[in-house]
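If you count by full-length UniProt numbering, then the sequence shown holds residues 1 to 555, one letter each, in order. Just below is one structure, and these are the notes that go with it.
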Amino acid sequence: MTTDTVYQPKTKTGRIADFVDQRTGASGMVKEFGRKIFPDHWSFMFGEVALYTFVILLISGTFLTLFFDPSMAHTTYDGSYNPLKGIGMSVAYHTSLDISFDVRGGLFMRQVHHWSALLFVASVSVHMLRVFFTGAFRKPRELNWVVGSTLLVLAMAAGFTGYSLPDDLLSGNGLRIIDGIIKAIPVVGTYISAFLFGGEFPGTAIIGRLYMLHIMLVPALILLMVAVHLFMVVVHKHTQWSGPGRTEENVVGFPVGPVYAAKAGGFFFIVFGVVAAISAFFTINPIWNYGPYDPSPVSAGTQPDWYIGWADGALRLMPGQLWDFSFDWIIPFPWGDNLLAMGVLVPAVVLVALLGGMFVWPWVERWITKDDREHHLLDRPRNAPFRTAVGVAGVVFYCVLWAAASSDLIATHFHVALNDVTYWLRALFFLGPILGFIIARRIALALQRKDRDIVLHGREAGIIEMSPEGAFTERHEQVDEYKLYKLTAFESPEVLPAQADRAGHVTRSEKLRGSVSKFFFEDRVAPVTKSELEEARSHHGHHAVEGHDDKELEQ
Ligand code: HEM
Ligand code: HEM
1 MTTDTVYQPK TKTGRIADFV DQRTGASGMV KEFGRKIFPD HWSFMFGEVA
51 LYTFVILLIS GTFLTLFFDP SMAHTTYDGS YNPLKGIGMS VAYHTSLDIS
101 FDVRGGLFMR QVHHWSALLF VASVSVHMLR VFFTGAFRKP RELNWVVGST
151 LLVLAMAAGF TGYSLPDDLL SGNGLRIIDG IIKAIPVVGT YISAFLFGGE
201 FPGTAIIGRL YMLHIMLVPA LILLMVAVHL FMVVVHKHTQ WSGPGRTEEN
251 VVGFPVGPVY AAKAGGFFFI VFGVVAAISA FFTINPIWNY GPYDPSPVSA
301 GTQPDWYIGW ADGALRLMPG QLWDFSFDWI IPFPWGDNLL AMGVLVPAVV
351 LVALLGGMFV WPWVERWITK DDREHHLLDR PRNAPFRTAV GVAGVVFYCV
401 LWAAASSDLI ATHFHVALND VTYWLRALFF LGPILGFIIA RRIALALQRK
451 DRDIVLHGRE AGIIEMSPEG AFTERHEQVD EYKLYKLTAF ESPEVLPAQA
501 DRAGHVTRSE KLRGSVSKFF FEDRVAPVTK SELEEARSHH GHHAVEGHDD
551 KELEQ
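Following this line, the structure appears as structure tokens:
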């Protein structure tokens, strides 16, 4: 290369960029990443909201660390909030009150931190539901689903350790419940509790320990997992909705640079602006109303943050000590009485089962359908009635537990007996998911039938015509080719009966799989075939569709 062909940047910024590029090779990365194509759909924004609220948490959290002192040493309040003057409390609670009343902009930042935490877990959850209901977790994205599920658990852990920090009455009661759950673990529970709290609950160590988890370990793990998560999104490429020209092999959309970079940058500031506006106008966690933590009082009508509510609800629904029994007669442990606290253990198992089900769902679905192909095109929820029904059952189950966390508020607001609320919610705990499953499946199948009807007979135009004979009919309009493609381009799994292995045996698990497949796929609406479409169109006096063979339409 001759010297006159070497590119010489003329401006100062150009020279600096060139300097950096020659030492880091950044332009190659920008070129590679910037050319990535990202499909456009509103439902792909939830993951972005999760990312941006996490950044807001990092920024606002760092501000809070400048003033918060995680010490449980005893002190007397002498700040500017008069009702608490002279009251004994921990330094942690004192500094949280100081942030709220005596640090300039402190209350705003506490509220930004808390509101963005609520929004963070909410957006992560909705993002997960979007991924679930559209089948975006299928091969090759199963591992990213697991990374995502880990992120959800970490998000809840971040929230819980965070709102336990101020050491007010609400956070102390939350910790008391966790202590109870830990102590219920057979044999080792009391030891784990003593280890965590540095002796008897509440002790003087827990806030400092939670602080380390909250500001260091958990955010670092989230950061690491988010990096892995997004790396996998780039490696797998993003899924897309089906449409003309969109296949399992391509991605149709806009490049990251400059279109998405600009959109995403703008969207970050919109999210930040919305969180700031909410934080400026709406109080969250008014710790000054609760007072310092004291193990004796429990304030009425207080709830944990929304994402922990379901755990509280599970505990409230369980019949109390009724079921507790000692298991020393089964395994004679040499030390003390060993009681199985079923009132706590059963809810804990239920929660772990729901979370565990979330982690393994991609494999459960794959086991039932035996579908080992890659999927980059998303399912419309109605076109996967079995999955949609399972998802709705899960959401109903979650919501019943969540409602149970507010059983006292439901009772006082609607002037009904607390026990009745508990009995009803117990019934819903079992019936709700079943009803949710049946109703969601029926609705999905009905919507599929409606789509089928639209494809074959057109859309109802809302125009009633009278024939010369005096008969009334509604005019039907054919949908355009784009819509037609959308309504017909999907797969509908069929029942896959149990199959014999090479030795000719039908294993028990295969029999089970066969029955599950029958249960899920027996009721199905077959996609429209080309011949059906042609017949319908000739019947309606339209031309046959060119270019679609039976297989294409079935797809
Ligand atoms: C995913 C990340 C995070 C979540 C979900 C989260 C959540 C929370 C919540 C709900 C609170 C209670 C706020 C209140 O008093 O009303 C809190 C407190 C706090 N957080 Fe975070 N946080 C996160 C990350 C961070 C980070 C990265 C830092 C520091 C660098 C941090 C520092 C703090 C501090 C110092 C407090 C105590 C302040 C106070 O309550 O007055 N947080 N966090
Ligand atoms: C801190 C939490 C999380 C962040 C910041 C995050 C961020 C993102 C972003 C930005 C995308 C690409 C845009 C989109 O499709 O929304 C994405 C995709 C994805 N996420 Fe998450 N996510 C989080 C949690 C989760 C959870 C809880 C799950 C599931 C359990 C999950 C599963 C997935 C999957 C499978 C994809 C690929 C989707 C596709 O290609 O259509 N993520 N995530």
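Cβ atoms here follow ideal geometry from the backbone N, Cα and C, with glycine treated the same way. It should be emphasised that the depicted structure is a prediction, and the values quoted were computed from it without experimental measurement.
Residue range of the unbroken beta strand (DSSP E) whose run includes TYR225
Your numbering for residue 225 matches position 225 in the sequence shown. First, the amino acid is wrong: residue 225 is Met here, not Tyr. No beta strand (DSSP E) holds MET225; the alpha helix (DSSP H) holding it covers 218-236.
Over the uninterrupted alpha helix (DSSP H) stretch that includes ARG475, give me the two end residues.
Here residue 475 refers to the residue found at position 475 when the sequence shown is read from its first residue. It is not in any alpha helix (DSSP H) - ARG475 instead sits in the beta strand (DSSP E) that spans 472-477.
Within its chain, find whatever has a CB closer than 7 Å to the CB of HIS113; leave out the 5 residues flanking it on each side and keep chain order.
Walking along the sequence shown from the start, residue 113 turns up at place 113. LEU57, SER60, GLY61 and LEU64.
Could you say if the segment 35-51 and the segment 182-200 meet the contact criterion of at least three C-beta pairs nearer than 8 Å?
no
For MET156, which residues of its own chain have a beta-carbon under 8 Å away from its beta-carbon, when the five flanking residues on both sides are left out?
Translated into the one-based positions of the sequence shown, residue 156 becomes position 156. Within the same chain, MET156 has close Cβ partners VAL121, TYR307 and ILE308.
Proximal residues to THR255 (C-beta, below 8 Å), its chain only, five neighbours per side dropped
Within the sequence shown, residue 255 is the residue found at index 255, counting from 1. One detail in the question is off: residue 255 reads as Pro in this sequence, not Thr. Cβ within range, chain order: GLY34, ARG35, LYS36, ILE37 and PHE38.
Tell me which residue opens and which closes the alpha helix (DSSP H) that PHE432 is part of.
Locating residue 432 in the sequence shown gives position 432, where the first residue counts as 1. What sits at residue 432 in the sequence shown is Gly, not Phe. Looking at the DSSP string, the run of the alpha helix (DSSP H) that includes GLY432 is 418-457.
Going by beta-carbon coordinates alone, are ILE432 and PHE397 separated by less than 8 Å?
Walking along the sequence shown from the start, residue 432 turns up at place 432. Walking along the sequence shown from the start, residue 397 turns up at place 397. For clarity, residue 432 is Gly in the given sequence; the question names Ile instead. Yes, these two residues count as a Cβ contact at 8 Å.
The segment 444-451 contacting the segment 371-389, beta-carbon criterion three pairs below 8 Å
yes
So, PHE430 versus ALA393, is the Cβ gap smaller than 8 Å?
In the sequence shown, residue 430 corresponds to position 430, counting from 1. In the sequence shown, residue 393 corresponds to position 393, counting from 1. It is not a contact, given that the beta carbons lie outside the stated cut-off.
Relative to the C-alpha of VAL55, which residue among PHE269, ALA341 and ASP18 is closest?
In the sequence shown, residue 55 corresponds to position 55, counting from 1. Cα-wise, what sits closest to VAL55 is PHE269.
Is it the case that the segment 249-265 contacts the segment 124-138, given that we only count it when at least three CB pairs across the two stretches are under 8 Å?
no
Sorry if obvious, but does the Cβ on GLU48 come closer than 7 Å to a heavy atom of ligand 2?
Position 48 of the sequence shown, counted from the start, is the residue given in the question as residue 48. Yes, Cβ of GLU48 sits closer than 7 Å to a heavy atom of ligand 2.
Just tell me which of VAL400, HIS457, ALA444 and ARG373 has its CA closest to the CA of GLU142.
The count along the sequence shown starts at 1 and reaches residue 142 at position 142. GLU142 has its Cα closest to that of ARG373, out of VAL400, HIS457, ALA444 and ARG373.
Across the segment 157-168 and the segment 207-222, are there enough close Cβ pairs to call them in contact, namely three or more that are closer than 8 Å?
yes
ASP294 (DSSP reduced to helix, strand or coil)
Counting from one through the sequence shown, the residue named residue 294 turns up at place 294. In this structure, ASP294 counts as coil in the three-state DSSP scheme.
Going by the beta-carbon positions, is the gap between LEU435 and VAL400 smaller than 8 Å?
Reading the sequence shown from its first residue, position 435 is the one you call residue 435. Reading the sequence shown from its first residue, position 400 is the one you call residue 400. No, these two residues do not count as a Cβ contact at 8 Å.
For VAL228, I'd like the list of residues in its chain whose CB is within less than 8 Å of its CB, leaving aside the five on either flank, ordered along the chain.
Residue numbering aside, residue 228 sits at position 228 when the sequence shown is read from its first letter. Excluding residues within five positions, the ones whose Cβ falls inside 8 Å are VAL147.
Counted within 10 angstroms of its Cβ, other Cβ atoms place SER123 as buried (16 or more) or exposed:
Counted from its first residue, the sequence shown places residue 123 at position 123. By the neighbour-count rule (16 or more Cβ atoms within 10 Å), SER123 is buried.
As assigned by DSSP and simplified to three states, the class of HIS413:
Taking the first residue of the sequence shown as position 1, residue 413 is located at position 413. In this structure, HIS413 counts as helix in the three-state DSSP scheme.
Could you check whether PHE67 and VAL103 sit closer than 8 Å to each other, using their CB atoms as the reference points?
Translated into positions along the sequence shown, residue 103 becomes position 103. Translated into positions along the sequence shown, residue 67 becomes position 67. Yes, the pair counts as a contact, with Cβ atoms nearer than the cut-off.
Residue nearest to PRO202 in terms of C-alpha spacing, selected from ARG176, ALA220 and VAL20
Residue 202 sits at position 202 when you count from the first residue of the sequence shown. Here the closest residue by C-alpha is ARG176.
Report the three-state DSSP secondary structure of GLY34 (helix, strand or coil).
Here residue 34 is taken as the residue at index 34 of the sequence shown, counted from 1. Looking at GLY34 - three-state DSSP - the assignment turns out to be helix.
Give the straight-line distance between the Cα atoms of ARG537 and THR247, rounded to the nearest whole angstrom.
Position 537 of the sequence shown, counted from the first residue, corresponds to residue 537. Position 247 of the sequence shown, counted from the first residue, corresponds to residue 247. Their backbone Cα atoms lie some 26 Å apart in a straight line.
Identity of the residues DSSP links to ASP167 by a beta bridge:
Working through the sequence shown from its first residue, we reach residue 167 at position 167. ASP167 pairs with nothing; no bridge assigned.
Rounded straight-line distance, which links the Cα of LEU445 to that of GLU32
Numbered from 1 along the sequence shown, position 32 holds the residue referred to as residue 32. Numbered from 1 along the sequence shown, position 445 holds the residue referred to as residue 445. Rounded to whole angstroms, GLU32 to LEU445 spans 43 Å at the Cα level.
Residue range of the beta strand (DSSP E) that THR76 falls in?
Taking the sequence shown and counting its residues from 1, the one referred to as residue 76 is at position 76. Looking at the DSSP string, the run of the beta strand (DSSP E) that includes THR76 is 74-76.
Residues in its own chain within less than 8 Å of ILE463 by CB, not counting five upstream and five downstream?
In the sequence shown, residue 463 corresponds to position 463, counting from 1. These residues qualify, in order along the chain: GLU474 and ARG475.
Would you mind listing the alpha helix (DSSP H) stretches within the segment 47-122 that are 4+ residues and don't spill past its ends, in chain order?
91-101
Going by the CB atoms, is the gap between GLY313 and ALA427 shorter than 8 Å?
Taking the sequence shown and counting its residues from 1, the one referred to as residue 427 is at position 427. Taking the sequence shown and counting its residues from 1, the one referred to as residue 313 is at position 313. No, the Cβ-Cβ distance between ALA427 and GLY313 is not below 8 Å.
Within the chosen definition, does the segment 345-358 reach the segment 456-470 through at least 3 CB pairs nearer than 8 Å?
no
Would you kindly work out how many angstroms separate the C-alpha atoms of ASP21 and LYS12, rounded to a whole number?
The sequence position of residue 21 within the sequence shown is 21, counting from 1. The sequence position of residue 12 within the sequence shown is 12, counting from 1. When rounded, the distance between both Cα atoms is 14 Å.
Shorter than 8 Å from the beta carbon of PHE46 to some beta carbon of chain C?
Looking at the structure shown, chain C is missing, and only one protein chain is on hand.
heavy atom of ligand 1 below 7 Å from ASP305 C-beta:
Within the sequence shown, the letter at position 305 stands for residue 305. Answer for ASP305: yes, Cβ within range of ligand 1.
Under the DSSP definition of a beta bridge, which residues are partnered with PRO255?
Here residue 255 refers to the residue found at position 255 when the sequence shown is read from its first residue. Paired residues: ILE37.
With DSSP as the reference, label GLN303 as helix, strand or coil.
To locate residue 303, count along the sequence shown from 1; it is residue 303. In the structure shown, GLN303 sits in coil (DSSP, three-state: anything other than H, G, I, E or B).
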